[in-house]
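Residue numbers for the sequence shown, in our numbering: 18 to 265. From the three backbone atoms N, C-alpha and C, an ideal C-beta is built for every residue, glycine too. In this text, all values refer to a predicted model and were calculated from it rather than measured experimentally. So the structure is just underneath, and the comments pick up after that.
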Amino acid sequence: MKKTLFSLVAAAALTGTVGINAQAEEIVVKKGDTLWRISQNHGVDVSELKKWNRLTSDTIHPDQHLTVSPDKRHIVLKGETLWSIADKFGVSVYNIKQWNNLSSDIIQPGQNLKVNSVSYSVPPQKTKAPVNKVEAKPTAAQPAAASQQSATSKVVTVQATAYTADCEGCSGITATGVNIKDNPNAKVIAVDPQVIPLGSKVYVEGYGYATAEDTGGAIKGNRIDVFIPNEQNALNWGSKTVKVTVIK
């Protein structure tokens, strides 16, 4: 839905208070347990267990903690949008629509939505005490945030241009249905969903943290458009090669 340099894109999270949440259910793996047996006991699919717990194979170990029911929910408050709720719980608009079988982005106050934002944990590995005492050389501690980002994110080099919603014929509505004209301070980008999925949280070099909320006819492959509300500032951005970190 893009129009040359000036198109629409995305939306800012609206302010709201926290709705009602339910805790996700966790189990501890016992000796002899398999993902298939656990899935049957809890009425879920093996693929869901692997997704909720970020497993790359069917192998599990005794004492491992697994999420088996990530049914966290949220009561929609007045003024909230799917985008603001997705941003609040760290998930994507696409996911919320899929989990709740929504065919549009329209939600109503009081609506009870599933917002499956789950966490997982892996037990510490047990190691045997060394027979001989060996003095270990000190090593520099690695920042926890850096190691987590490298494990869960990917970096894409793209050609980035800018656009604004203040143009003749622009509707101000993104591909995910958010009104960018009502939220001029939104940090959003237009993407090729084959490269960066819609709803992804990203960090754009020189632009900051943003959300992939729109698409465009000219946005193919490793190309993005960053939303800048002011027309002159959008023109000043020009076209540049930047790195985009897809966080989730």
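The DSSP-derived three-state label of residue 78 is coil. Exclusion of the five residues before and after residue 52 leaves 63, 66, 67, 72, 75, 77 as the residues of its chain whose Cβ lies within less than 8 Å of its Cβ. Within the segment 193-217, complete beta strand (DSSP E) segments of at least 3 residues are found at 205-207, given in chain order. Taking a cut-off of 8 Å for Cβ pairs, the segment 217-229 and the segment 112-122 do not touch, as fewer than three such pairs fall below it. Of all C-beta pairs linking the segment 232-241 to the segment 204-219, three or more are shorter than 8 Å, placing the two stretches in contact.
Collapsing the DSSP output to three states places residue 237 in coil.
Bridge pairing for residue 92: 129 [DSSP]. For the set 192, 194, 193, 219, the Cα lying nearest the Cα of residue 175 is the one of 219. The Cβ atoms of residue 205 and residue 244 sit closer than 8 Å to each other. For the 8 Å CB-CB criterion, residue 79 and residue 47 form a contact. Nearest in C-alpha terms to residue 265, of all of 259, 213, 83, is 213.
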